[in-house]
Amino acid sequence: MPFVPHTADDRETMLRRVGVASVEELFLDVPEARRFPTLELPPPLSEPEVLAELAQLAHRNWNLDQHPCFLGAGAYNHFVPSVVKHVLSRGEFYTAYTPYQPEVSQGTLQAIFEYQSLICDLTGMDAANASHYDGATALAEALIMALSVHRGRRRKGVISRTVHPEYRQTARTYTQGMGLELTGDEQPGLSLPDLAGIVDEDTAAVVIQVPDFLGAVPSLDEVRLLADAAHQAGALLVVAVNPISLGLLQPPGEYGADIVVGEGQPLGNHLSFGGPYLGFFATRTDHVRRMAGRLVGMTVDLDGNRGYVLTLATREQHIRRERATSNICTNQALNALAAAVYLAAMGPAGLRTVASACYHKAHYAASRVGRLTGYDVLSHRFFHEFVVRCPRPPSEVGGALLAEGIIPGYDLGEAYPELEGCMLLCVTELNTREQIDRLVDVLGAPS
Amino acid sequence: MTRIDNSCRYTETHDWVRADGDIATFGISDYAQDQLSDIVFVELPEVGDNFEQGQVYAVVESVKAASDCYAPVSGEVVEVNSELESTPGLVNQEPYGAGWFIKVRMSDPAELERLRNAASYSELIQQLTEEE
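Chains as they are written, first to last, in my numbering: chain L, 2 to 448; chain V, 207 to 338.
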């Protein structure tokens, strides 16, 4: 549709058609004082002036290129290969609105298909949808799907306390009014076997995070036992994962997960001050009809040419809004594309290299921090985040790090009162040995 | 030409019911399957579920839409057509035969009288076809 401003004639025709003589008459219902209010705007600026002002404002933020960052807790600073930006900047992808219709372009459909296929490979599942807002909403959707699989007859969700606190809050918000009771995360210290003990015939889903919010990688034997307990009771096992960790760890599909969700930000998406991110969501074929969102499939046309189609979209709001299992299935298309390009660029070997660099650097940092007087590393089996009990309140320790230009870890006291005085430190492949050594020096310096 | 089965009664929503004693079989009409086009999935209730007349008891999904099916009469589900799980296309091929949905033990067989008979449903289809 060409963009053509209305001519005076056009306006005249439209006004006549609706039966008014002037634009003023058209807006008579709006109180006069509100019709053309005086806006208190600063004087107009030229483009270079605007750019200069915005740059000045932007410089007030701390830039991760200049400041070492040891903050994780759900959002991670990873390297983004430049090819990601190049593909994302293509006008076809960059400007397109959420693709809803089956007739969207083949390129868009193929991009979604590739994304879905890569997420399936990564998680060991059969089908992935085209993404949710973020990891937290993907987890909430997993619970809603589990309720739907059990046709609303089961009312209990067992969730580990070591699932991201915000994911648990989001899940509770999303499912309020659905009669779901989420339990298992109220009291500290429940192990995976303890959780298995509270799974019963009323349980729709069991939810864990691997590695968990505190960075810990649970024992595979214990996870398998929990999966068995869930399946014996007829419940689904939902696993939230950090996708980068899957470069080293087994895909959840191999240890009994029925739904795998997670935050896709670490895959080629910059931290961007908290968003937009993307939630990935994958499941087994048995449950695909109850999955929110859309699914793109690959087929061949009559002449044998490969083609991509929206295979499953009937759960979506534009087809069955009032009875859709979910009305949130926003395709964070550009973020999902970033994840697809990232995974394609890295390949299995590249992802393993990143994961292994995260693991080794984090363990180097933990061993050095653990040797400092007054510091106690509480994590044993962990991926790239670990819990440190500090000799001083984490806010003070964090303040000292900030004063040295280092972004500190996450103060665990608020979300986990039992971990008052503890900090969650994260180390990724982007943290250099020098940065880690400096962190240790500042932590060890007398206060 | 739209097929109409004389042994069935019909709802305004194109669901059919065929009674045999106090057992009633449900399905969707030839007109309905034709409007929906290729059916790819039928979500059926479970044996033991109870439905009131007019309540949604199944969902039919085609390549272009998902539609609710409304129980023509009240009752308890005694059998579901599990063939549809693997071969939903039966609904397109034989809507009044192999493409049946569920069997229900009727709680109030008198409800049948309130439904359209084949002749009356045929008129409805004629009207709808003319409007198209």
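We put the beta carbon where it would ideally sit given N, CA and C, even for glycine.
Note that the structure is predicted; figures quoted are calculated from it, not measured.
C-beta neighbour in chain V for residue i, strict 8 angstroms
i        : result
Arg91/L  : no
Arg295/L : no
Met2/L   : With a pLDDT of only 49 at Met2/L, under the threshold of 50, the placement of this residue in the model should not be trusted; the figure read from the coordinates follows. No, no contact with chain V.
Closer than 8 angstroms to chain L by CB, residue i
i        : result
Phe247/V : yes
Asn323/V : no
Simplified DSSP assignment, three categories, for residue i
i        : result
Lys362/L : helix
Phe257/V : strand
Tyr134/L : coil
Val81/L  : coil
Asp201/L : coil
Met2/L   : Per-residue confidence for Met2/L stands at a pLDDT of 49, beneath the threshold of 50, marking its modelled position as unreliable; the derived number appears in the next sentence. Note: Met2/L maps to coil in three-state DSSP.
Thr300/L : strand
Gln107/L : helix
Ser268/V : strand
Arg290/L : helix
Gly399/L : helix
Leu72/L  : coil
Ala22/L  : coil
Phe94/L  : helix
Glu41/L  : coil
Cys391/L : coil
Phe232/V : strand
Asp377/L : strand
Ile437/L : helix
Arg468/L : Nothing can be reported for residue 468/L: it is not among the residues displayed for chain L, which extend from 2 to 448.
Gly280/L : strand
Ser47/L  : coil
Arg209/V : coil
Glu338/V : coil
Tyr302/V : coil
Rounded distance between the beta-carbons of residue j and residue i, thought under 8 angstroms
i        : j        : result
Ala231/L : Leu238/L : 5 angstroms
Thr300/L : Ala128/L : At roughly 15 angstroms, the Cβ-Cβ gap does not stay under 8 angstroms, so Thr300/L and Ala128/L are not in contact.
Ala433/L : Cys359/L : The question names Ala, but residue 433/L is Thr in the sequence shown. Not a contact, Cβ separation roughly 13 angstroms.
Ser161/L : Val208/L : 7 angstroms
Ala112/L : Leu144/L : That pair is no contact at about 28 angstroms.
Arg311/V : Gly281/V : 5 angstroms
Leu426/L : Ala366/L : 7 angstroms
Asp211/V : Ala324/V : 7 angstroms
Glu386/L : Gly73/L  : 5 angstroms
Status (buried if at least 16 other CB within 10 Å, exposed otherwise) for residue i
i        : result
Pro349/L : exposed
Gly406/L : exposed
Pro1/L   : What is shown of chain L runs 2 to 448, which leaves residue 1/L out entirely.
Gly178/L : exposed
Gln259/V : buried
Gly20/L  : exposed
Trp306/V : buried
Val31/L  : exposed
Gly303/V : exposed
His381/L : exposed
Gly185/L : buried
Glu252/V : exposed
Ala340/L : buried
Val51/L  : exposed
Asp135/L : buried
Val24/L  : exposed
Val5/L   : exposed
Gln266/L : buried
Asn130/L : buried
Ala34/L  : exposed
Ala293/L : buried
CB contact check: residue i to chain A, cutoff 8 angstroms
i        : result
Phe282/L : Note that chain A does not occur in the displayed structure, where the protein chains are L and V.
Original post:
Residues in the segment 273-299 of chain L with C-beta within 7 angstroms of chain V's C-beta atoms, listed in sequence order?
Top reply: Arg290
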